[in-house]
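Asker: I have a structure here, written as structure tokens, and I will follow up with some questions on it.
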Amino acid sequence: DVKVTQSSRYLVKRTGEKVFLECVQDMDHENMFWYRQDPGLGLRLIYFSYDVKMKEKGDIPEGYSVSREKKERFSLILESASTNQTSMYLCASSSPTSGGAYEQYFGPGTRLTVT
Amino acid sequence: KQEVTQIPAALSVPEGENLVLNCSFTDSAIYNLQWFRQDPGKGLTSLLLIQSSQREQTSGRLNASLDKSSGRSTLYIAASQPGDSATYLCAVHPGAGSYQLTFGKGTKLSVIP
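Those sequence lines, one after another, are chains A and B.
Going by the numbering used here, the letters in the first sequence line up with residues 1 to 115, in that order.
Going by the numbering used here, the letters in the second sequence line up with residues 1001 to 1113, in that order.
Structural data, given as structure tokens:
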């Protein structure tokens, strides 16, 4: 089974702090994603990566950056945390199946609170 | 721009009932469609993936169908149980060359014992 793990389930940080969220997948997937999920807004894509050291902006990249130095690890960085970044953060990975479809697998999520 | 809609936003049914969750999308040129389950405060669990060339997929009490031409998918749950209570989301993959999924906002299902 594919396993996607995230470094923390719950995190509380102060405004202005630099925050690192780590994600690791164990299935040699090419693609990795960071989403945030907020009530009423659904899932929104922040960044994704289709290869080591490659990244693409999603729908809401402002205030975030990412790093992918190794294929299995994708990090989300909040350079200077703000209260409007309080949210559930979800990491996912995917690769094409034998039929060419891209099935996404998600981690357990990190509930980040910025005070 | 692809839009995915799930109606209703919430659904409550008595235990044992068969039910159907709906998902519609505006652009029929999709690569595949995926159904997920999300329990409160948790990540998403993949339930079923339907490739664009397929009409349906089954896993246990779950059956998902896809009608690309009409822009619709349904998730059928047979003999519902309280443990099926969760939010169900559908997501479409737009096609080769794109890695992003477009998600619906989900249907929150409550199965009453």
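All C-beta atoms, glycine included, are put in the ideal place defined by N, C-alpha and C.
(1) Could you compute how far the alpha carbon of Arg-1072 of chain B sits from the alpha carbon of Phe-106 of chain A?
(2) By the 10 Å Cβ neighbour count, where 16 or more other Cβ atoms means buried, how is Ala-81 of chain A classified, buried or exposed?
(3) Among B:Ser-1069, B:Ser-1028 and B:Thr-1087, which one has its Cα closest to the Cα of Gly-1095 of chain B?
(4) Reducing DSSP to helix, strand and coil, say where Gly-1083 of chain B ends up.
(5) Can you have a look at Arg-1055 of chain B and say buried or exposed, based on whether 16 or more other CB atoms are within 10 angstroms of its CB?
(6) Assign Arg-68 of chain A to buried or exposed, taking buried as 16 or more other Cβ atoms, counted over all protein chains shown, within 10 Å of its Cβ.
(7) If Gln-1038 of chain B sits next to Ala-1091 of chain B, beta carbons under 8 Å apart, how far is it from one beta carbon to the other, in whole angstroms?
(8) Check each candidate in A:Val-12, A:Ser-8, A:Phe-48 and A:Leu-43 and name the one with the smallest Cα separation from His-29 of chain A.
(9) In chain order, what residues of the same chain lie with their CB nearer than 8 Å to the CB of Phe-1036 of chain B, ignoring the 5 residues before and after it?
(10) Scan the stretch 1-19 of chain A for residues whose Cβ lies nearer than 7 Å to a Cβ of chain B and list them as they occur along the chain.
(11) In terms of residues, what are the limits of the beta strand (DSSP E) holding Ser-1059 of chain B?
(12) According to DSSP, is Asn-1022 of chain B helix, strand or coil?
(13) Would a C-beta distance cut-off of 7 Å place Gln-1002 of chain B and Asn-1032 of chain B closer than the cut-off?
(14) One question on the structure: do Lys-55 of chain A and Val-66 of chain A come within less than 7 Å of each other, judged by their Cβ atoms?
(15) Do Tyr-10 of chain A and Arg-111 of chain A count as a contact pair if the criterion is CB distance below 7 Å?
(16) Hey, does Gln-1057 of chain B have any beta-carbon neighbour from chain A nearer than 7 Å?
(17) Where Asn-31 of chain A and Lys-53 of chain A are concerned, what is the direct C-alpha to C-alpha distance, given to the nearest angstrom?
(18) In chain order, what residues of the same chain have a beta carbon less than 7 Å from the beta carbon of Ala-1078 of chain B, not counting five sequence neighbours either side?
Answerer: Put simply:
(1) 24 Å
(2) Around the beta carbon of Ala-81 of chain A, 16 or more other beta carbons lie within 10 angstroms, which makes this residue buried.
(3) Gly-1095 of chain B has its Cα closest to that of B:Ser-1028, out of B:Ser-1069, B:Ser-1028 and B:Thr-1087.
(4) helix
(5) exposed
(6) The residue is buried, with at least 16 neighbouring Cβ atoms inside 10 Å.
(7) The Cβ separation is near 12 Å, so there is no contact.
(8) A:Phe-48
(9) Leu-1044, Thr-1045, Ser-1046, Leu-1047, Tyr-1088, Leu-1089, Cys-1090 and Ala-1091
(10) Taking 7 Å as the Cβ-Cβ cut-off against chain B, none of the residues of the stretch 1-19 of chain A qualify.
(11) 1056-1059
(12) strand
(13) no
(14) Yes. Within cutoff.
(15) yes
(16) no
(17) 11 Å
(18) Asn-1018 and Arg-1061
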